[in-house]
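> So that we are looking at the same thing, I have put the structure below in structure tokens.
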Amino acid sequence: VAGSLTANWTQRQFLTASDGAVSDQFGISVAIDSDTVAVGARYDDDKGINSGSVYIFTRDVAGSLTASWTKRQFLLATDGAANDCFGQSVAVSGDTVVVGSFGWPSYTGQAYIFTRAVAGNLTSSWTLRQKLLASDGAANDFFGYGYGGYGVAIDGDTVVVGAMKDDDRGTDSGSAYIFTRDVAGSLTANWTQRQFLTASDGAVSDQFGISVAIDSDTVAVGARYDDDKGINSGSVYIFTRDV
3 VAGSLTANWT
13 QRQFLTASDG
23 AVSDQFGISV
33 AIDSDTVAVG
43 ARYDDDKGIN
53 SGSVYIFTRD
63 VAGSLTASWT
73 KRQFLLATDG
83 AANDCFGQSV
93 AVSGDTVVVG
103 SFGWPSYTGQ
113 AYIFTRAVAG
123 NLTSSWTLRQ
133 KLLASDGAAN
143 DFFGYGYGGY
153 GVAIDGDTVV
163 VGAMKDDDRG
173 TDSGSAYIFT
183 RDVAGSLTAN
193 WTQRQFLTAS
203 DGAVSDQFGI
213 SVAIDSDTVA
223 VGARYDDDKG
233 INSGSVYIFT
243 RDV
């Protein structure tokens with residue numbers, strides 16, 4: 003029963019990569035919004051050993067809980083190379099997918115924005131629109147990495163990217179970056195870095211940015227090795243827009 007909190011759950015489908023191979027790690031990251039699922043395979047080898055890829059699946063019938071899911075596209079970084087680990091993290095919102103790729107160069111990291119060619123069309127192709135980089139990116143920042151695939155997040159016109167080993171508040175203290183579309187709602191608009199977030203009490207090895215999430219005007223950032231409740235006890239920081 004749709005919407006019923008007490009209803010049972012039924013497995014509807016088992017998704018695999020059509021070209022899956024040993025050690026691809028399809029499923030290292032997953033994201034869903036409505037009728038679209040994105041799945042990362044960070045060790046896929048299409049652009050070189052462990053270059054990575056992302057698979058897009060959509061429902062055959064929009065909004066139908068019993069409909070089958072079909073692979074629509076296989077996403078790669080146009081500049082992908084060995085050990086990029088493209089697909090380490092993924093996020094989807096509406097007609098936009100964000101993919102984290104932390105391996106190049108020297109684990110500096112980057113994120114890629116893809117959008118549907120036709121808004122709302124589940125069978126439409128996806129196009130790479132932009133590669134996001136940290137304005138102060140450096141080797142070993144791990145921009146876009148994220149534990150459990152949560153190194154990137156998107157809601158509407160705002161993207162958050164974690165850089166868990168950025169050093170602004172000490173070695174591996176971590177940071178997160180906010181990007182927004184230059185034109186709200188435009189799938190072809192450019193994205194611009196708007197802010198750089200750090201923990202007010204950030205310290206060495208906190209790894210602030212190991213996970214990020216966003217809902218509307220609120221961002222949450224994890225710091226798994228923060229020590230406020232004991233060594234490596236961890237914490238989460240909440241940020242809101244000054245509306």
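Each step along the sequence shown adds one to the number in my numbering, with nothing skipped, and position 43 is 45. Beta carbons: idealized from backbone N, C-alpha and C, even for Gly.
(1) Taking the beta strand (DSSP E) that S98 falls in, what are its first and last residues?
(2) Report yes or no: do the stretch 135 to 144 and the stretch 76 to 83 share at least 3 C-beta pairs separated by less than 8 Å?
(3) What's the gap between the Cα of A69 and the Cα of L17?
(4) Please classify N52 as buried or exposed, where buried requires at least 16 other C-beta atoms within 10 Å of its C-beta.
(5) In the structure shown, what three-state DSSP assignment does G54 receive?
(6) Would you check if the stretch 10 to 25 and the stretch 90 to 99 touch, i.e. whether three or more CB-CB distances between them fall below 8 Å?
(7) Go to I240, then tell me how far its beta strand (DSSP E) extends in each direction, as first and last residue.
(8) Just checking my contact of T194 with D184 at CB under 8 Å: how many whole Å lie between their CB atoms?
(9) Could you tell me if Q15 is buried or exposed, where buried requires 16 or more neighbouring beta carbons within 10 angstroms of its beta carbon?
(10) Using the C-alpha atoms, what's the distance from V221 back to T160?
(11) Out of V206, A40, I180, which one is the CA nearest neighbour of L199?
(12) Check each candidate in A186, G204, G187, T182 and name the one with the smallest Cα separation from Q196.
On the basis of the data shown:
(1) For the purposes of this step, residue 98 is taken as the residue at position 96 of the sequence shown. Checking the sequence shown, residue 98 turns out to be Thr, not Ser. Run containing T98: 98 to 103, per the beta strand (DSSP E) assignment.
(2) Output reads no: the stretch 76 to 83 does not touch the stretch 135 to 144.
(3) By one-based count along the sequence shown, residue 69 stands at place 67. By one-based count along the sequence shown, residue 17 stands at place 15. Their backbone Cα atoms lie some 13 Å apart in a straight line.
(4) Counting from one through the sequence shown, the residue named residue 52 turns up at place 50. Classification of N52: buried, given that the 10 Å Cβ count is 16 or more.
(5) Taking the sequence shown and counting its residues from 1, one reaches residue 54 at position 52. G54 falls in the strand class under three-state DSSP.
(6) No: the two stretches stay apart, fewer than three of their Cβ pairs being nearer than 8 Å.
(7) Numbered from its first residue, the sequence shown carries residue 240 at position 238. In the DSSP annotation of this structure, the continuous segment of the beta strand (DSSP E) that includes I240 starts and ends at 237 to 242.
(8) Looking up residue 194 in the sequence shown gives position 192. Looking up residue 184 in the sequence shown gives position 182. The pair is a contact, with the Cβ atoms about 6 Å apart (cut-off 8 Å).
(9) Taking the first residue of the sequence shown as 1, we reach residue 15 at position 13. That one is exposed.
(10) Residue mapping note: residue 160 aligns to position 158 of the sequence shown, counting from 1. Residue mapping note: residue 221 aligns to position 219 of the sequence shown, counting from 1. When only Cα atoms are considered, T160 and V221 end up about 10 Å apart.
(11) As a working mapping, residue 199 is identified with position 197 in the sequence shown. Of the candidates V206, A40, I180, the one whose C-alpha sits nearest the C-alpha of L199 is I180.
(12) Start at 1 with the first residue of the sequence shown, and residue 196 comes out as number 194. This sequence places Arg at residue 196; Gln is not what is there. Taking only the C-alpha atoms, the option nearest R196 is T182.
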